[in-house]
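Peer 1: Dropping a structure here in structure tokens format, bear with me for questions.
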Amino acid sequence: MAMLEVVRISKMFGKDVVLKNVTFSLKNGILGIYGPNGSGKTTLLKIISGFEKPSCGWIFFNGKEITNMAPQKIVKLGIAMAFQIPRVFWNLTVYENVLLAAREKDYAMEICEELNIKDILFKKANEISQGKLKLLQLALCFALKPKLALLDEPFASLDAENVEIVLDYLRRRGDEISMIITAHRTKLLKGLASCMFEMRGGKIVRSS
Amino acid sequence: MFIDITVRILVFVLLIIPVFFDYYIKLLAASALILAIFTISWLYLERDLGWESFGHSIPFGVSAYLFAINPLLLFLSPLTTFLLFPLSVFGKSIFPFASFIFSVFFWYLAHHIVVDGRGGEEGFKVLSVNLDHVYFLSVALFIFSYLLIWKVSESNLGLKIKAVRDDEIAARAIGINPLPVKMFGFTISCSLASIAGILHAAAFGYVSPSIFSPYFSLFPFVAATIGGRKLWSCVLASYLVVGLSWFLSPYVPEFHYIIYALAIILASFTHGYARSSKNI
Chain A
1 MAMLEVVRIS KMFGKDVVLK NVTFSLKNGI LGIYGPNGSG KTTLLKIISG FEKPSCGWIF
61 FNGKEITNMA PQKIVKLGIA MAFQIPRVFW NLTVYENVLL AAREKDYAME ICEELNIKDI
121 LFKKANEISQ GKLKLLQLAL CFALKPKLAL LDEPFASLDA ENVEIVLDYL RRRGDEISMI
181 ITAHRTKLLK GLASCMFEMR GGKIVRSS
Chain B
1 MFIDITVRIL VFVLLIIPVF FDYYIKLLAA SALILAIFTI SWLYLERDLG WESFGHSIPF
61 GVSAYLFAIN PLLLFLSPLT TFLLFPLSVF GKSIFPFASF IFSVFFWYLA HHIVVDGRGG
121 EEGFKVLSVN LDHVYFLSVA LFIFSYLLIW KVSESNLGLK IKAVRDDEIA ARAIGINPLP
181 VKMFGFTISC SLASIAGILH AAAFGYVSPS IFSPYFSLFP FVAATIGGRK LWSCVLASYL
241 VVGLSWFLSP YVPEFHYIIY ALAIILASFT HGYARSSKNI
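See below:
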């Protein structure tokens with residue numbers, strides 16, 4: 001049985017059709033989705049995580065329908081999302097941010113160390129750089145111990161050194177956690193994803 | 001650090017001094033202390049939850065009225081949360097105005113509350129309570145309010161409340177349901193405002209519609225602004241506003257409006273949690 005099944009999902013914003021009958025399934029491993037801006041990648045991830053409601057279609061996670069379920073309930077089932085534009089708790093420290101998601105001090109510290117944000121543990125989120133914010137967003141996602149992680153453009157705003165840190169981290173976690181990763185550039189996804197889709201105009205136009 | 005300790009010492013001195021003075025000073029001190037509890041209830045809502053209420057006189061006044069009508073009704077005070085919390089549907093930017101308008105509505109409504117021939121514009125007399133008892137109870141409840149806010153703020157639940165304040169979507173993304181978390185925060189704040197309202201009624205021996213007036217609606221905002229939105233400084237600011245209003249009103253009628261005007265000007269230069277979720 002597939003872990004995630006997306007069945008004929010469509011999404012319209014007013015008259016604009018952003019997703020058209022998107023159907024795919026994921027058993028496990030890492031699925032890469034690439035495509036130009038406006039192709040519907042982010043909307044698709046937001047629909048799976050519950051932050052957007054589809055105009056029609058169904059989503060099943062481990063056989064359970066999660067279409068239109070509240071995001072906080074979907075998280076509890078094991079799907080976590082890392083946003084392209086970081087959504088963190090701006091007036092809390094980096095450590096407090098991760099602790100809220102991890103719920104265990106040791107695990108929170110472990111994630112911070114692995115994602116290279118241990119040196120800014122006690123800085124508030126509104127005091128750190130864009131690149132570190134991106135790492136913090138990933139830390140929040142993985143601190144939830146998800147079964148499926150939805151990573152929206154995780155390499156955007158990162159310098160070469162941090163891209164390597166993230167790639168290395170995702171490769172290691174890829175054995176135990178399934179992921180859907182979106183990116184503009186296929187180069188970074190190729191070494192990571194076991195399967196890739198290209199999206200254009202709200203449709204999956206190619207899979208490899 | 002030095003200023004912080006000095007402010008705390010000053011507050012404790014202010015708590016003790018009135019014990020040695022006459023009825024008038026004690027009533028003044030009780031009034032300031034009760035409004036200090038009212039202010040920290042407001043500050044908790046603003047600082048930890050990010051909601052700036054200009055209608056905090058609703059839980060304050062409704063509880064005072066319930067107590068005046070029948071002291072047994074004071075157990076309904078925490079339910080005053082349900083009068084203010086629904087206004088949060090308007091969002092953080094509209095909430096101050098919506099809550100203020102709602103408090104004005106209560107001000108109007110209070111003129112028409114009559115029970116057993118009592119009430120109306122005259123208001124209600126409250127069971128006679130010895131001022132010394134009210135004062136010591138106020139001191140105890142002030143300390144209780146401070147400890148409650150401190151403990152809740154430092155707890156895991158307090159961290160969740162601050163997370164919801166900063167970004168509700170981010171909170172949902174890590175599995176926090178914002179609604180019950182916000183509701184809990186509002187209940188703490190409204191319950192403390194209710195305690196202050198009941199003490200106010202007990203100290204003065206009556207409750208009239210003016211308890212919903214802009215003087216009370218805006219008081220916590222004014223004291224918090226003067227106090228730099230820090231808990232202990234706000235307590236000191238409450239004493240300052242009440243003291244100045246009492247002593248200078250015979251010379252400058254309605255002197256508190258001057259303080260209020262200055263506070264509103266000052267607020268435009270200072271930064272509140274409620275204004276923005278970023279860069280606070």
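Chains A and B supply the protein sequences, listed in that same order.
Counting from 1, position 109 in the first sequence corresponds to residue 109 in full-length UniProt numbering; the numbering is continuous, with no gaps.
Counting from 1, position 11 in the second sequence corresponds to residue 11 in full-length UniProt numbering; the numbering is continuous, with no gaps.
Note that CB positions come from ideal geometry on N, CA and C, so glycine has one too.
Source: prediction; values computed, not measured.
1. If we count Cβ pairs, one from each stretch, closer than 8 Å, do we get three or more for the stretch 64–84 of chain A versus the stretch 164–179 of chain B?
2. Could you have a look at serine 277 (chain B) and say whether DSSP puts it in helix, strand or coil?
3. Take isoleucine 165 (chain A) as the anchor and find which of A:Phe197, A:Asn116 and A:Ile181 has the nearest alpha-carbon.
4. Which value, in whole angstroms, describes the spacing of the CA atoms of serine 178 (chain A) and proline 214 (chain B)?
5. Considering only the beta carbon of each residue, do serine 157 (chain A) and lysine 123 (chain A) sit closer than 8 Å?
6. For tyrosine 146 (chain B) and tryptophan 232 (chain B), I'd like the C-alpha separation in whole angstroms.
7. Of the residues A:Lys118, A:Pro54 and A:Lys41, which one's Cα is nearest the Cα of residue 226 (chain A)?
8. Using 8 Å as the threshold, is the C-beta distance between phenylalanine 90 (chain B) and glutamate 52 (chain B) below it?
9. What residues from chain C crowd round asparagine 177 (chain B), counting only those whose CB sits closer than 7 Å?
10. Is lysine 105 (chain A) helix, strand or coil when you go by DSSP?
11. How do the stretch 33–44 of chain B and the stretch 145–164 of chain B stand: do at least 3 beta-carbon pairs fall below 8 Å, yes or no?
12. Going by DSSP, name the residue or residues bridged to leucine 127 (chain B).
13. Kindly indicate the opening and closing residues of the beta strand (DSSP E) around serine 10 (chain A).
14. Which of the three DSSP states, helix, strand or coil, is assigned to leucine 83 (chain B)?
15. Find out if the Cβ-Cβ distance for the pair arginine 165 (chain B), glycine 50 (chain B) is shorter than 8 Å.
16. Span of the alpha helix (DSSP H) holding valine 252 (chain B)?
17. Could you name the residues of the stretch 74–91 of chain A whose beta carbon sits closer than 8 Å to any beta carbon of chain B, in the order they occur along the chain?
18. Output needed for serine 276 (chain B): all residues of its chain with C-beta closer than 6 Å, excluding positions within five of it in sequence on either side, in chain order.
19. For tryptophan 107 (chain B), report the span of its alpha helix (DSSP H) as first-last.
20. Alpha carbon to alpha carbon, how far is arginine 171 (chain A) from phenylalanine 102 (chain B)?
21. Cα-Cα, which of B:Phe186, B:Gly61 and B:Pro86 is closest to phenylalanine 74 (chain B)?
22. Taking Cβ-Cβ distances shorter than 9 Å, what residues in chain B pair up with phenylalanine 51 (chain A)?
23. Measure the C-alpha to C-alpha separation of cysteine 195 (chain A) and serine 207 (chain A) and round it to an integer number of angstroms.
24. Scan the stretch 9–59 of chain B and note each continuous alpha helix (DSSP H) run of 4 residues or more that stays entirely inside, going in chain order.
25. So if I threshold CB-CB distances at 7 Å, which residues from the stretch 94–126 of chain A count as touching chain B?
26. Quick one: which chain A residues come within Cβ less than 9 Å of lysine 160 (chain B)?
27. Could you tell me if glutamine 130 (chain A) is buried or exposed, where buried requires 16 or more neighbouring beta carbons within 10 angstroms of its beta carbon?
28. Does the beta carbon of leucine 135 (chain A) sit closer than 8 Å to a beta carbon anywhere in chain B?
29. Determine, using beta carbons only, whether arginine 87 (chain A) and aspartate 167 (chain B) come nearer to each other than 8 Å.
30. So with CB distances below 7 Å, who are the chain B contacts of leucine 170 (chain A)?
31. Residue 209 (chain A) to lysine 132 (chain A), Cα distance in whole Å?
32. Could you spell out where the alpha helix (DSSP H) holding arginine 172 (chain A) opens and where it closes?
33. Throw me the rounded Cβ distance for the lysine 26 (chain B) and tyrosine 108 (chain B) pair, which I believe falls under 8 Å.
34. Does aspartate 116 (chain B) get closer than 8 Å to chain A when you measure Cβ to Cβ?
35. On the three-state DSSP scale, how would you describe tryptophan 90 (chain A)?
36. What are the start and end residues of the beta strand (DSSP E) that includes threonine 182 (chain A)?
Peer 2: Judging by the given coordinates:
1. yes
2. Note that serine 277 (chain B) scores 47 on pLDDT, short of 50, meaning its location in the model is unreliable; the coordinates nonetheless yield the value given after this. Looking at serine 277 (chain B) - three-state DSSP - the assignment turns out to be coil, as it is neither helix nor strand.
3. Comparing Cα-Cα distances from isoleucine 165 (chain A) to each of A:Phe197, A:Asn116 and A:Ile181, the minimum goes to A:Asn116.
4. Serine 178 (chain A) and proline 214 (chain B): Cα-Cα distance of roughly 57 Å.
5. no
6. 9 Å
7. Shown here, chain A extends from 1 to 208; a query on residue 226 (chain A) therefore has no answer.
8. no
9. You won't find chain C in this structure, because its protein chains are A and B.
10. helix
11. yes
12. Leucine 127 (chain B) pairs with nothing; no bridge assigned.
13. From DSSP, the beta strand (DSSP E) with serine 10 (chain A) extends over 4–13.
14. helix
15. yes
16. Valine 252 (chain B) -> no alpha helix (DSSP H), and no H or E assigned at all.
17. From the stretch 74–91 of chain A, only Val75, Lys76, Ala80, Met81, Phe83, Arg87, Val88, Phe89, Trp90 and Asn91 have a Cβ closer than 8 Å to chain B.
18. For serine 276 (chain B), the pLDDT reaches just 46, beneath the cut-off of 50, and the residue's location in the model is therefore unreliable, leaving the point undetermined.
19. In this chain, the alpha helix (DSSP H) harbouring tryptophan 107 (chain B) covers 95–110.
20. 56 Å
21. One detail in the question is off: residue 74 (chain B) reads as leucine in this sequence, not phenylalanine. Among B:Phe186, B:Gly61 and B:Pro86, the Cα nearest to that of leucine 74 (chain B) belongs to B:Gly61.
22. What phenylalanine 51 (chain A) touches in chain B: Ile169, Arg172 and Ala173.
23. Rounded to the nearest whole angstrom, the C-alpha separation of cysteine 195 (chain A) and serine 207 (chain A) is 7 Å.
24. 23–44
25. Within the stretch 94–126 of chain A, the qualifying residues are Glu96, Leu100, Ala101 and Asn126.
26. Leu100
27. exposed
28. For leucine 135 (chain A), not one C-beta of chain B is nearer than 8 Å to its own C-beta.
29. yes
30. Ordered by position in chain B, no residue passes the 7 Å Cβ test against leucine 170 (chain A), which lies about 19 Å from the chain.
31. Since the first residue of chain A shown is 1 and the last is 208, residue 209 (chain A) is not available in this structure.
32. 160–173
33. Contact annotation, lysine 26 (chain B) with tyrosine 108 (chain B): C-beta distance approximately 33 Å; criterion of less than 8 Å not satisfied.
34. no
35. coil
36. 178–183
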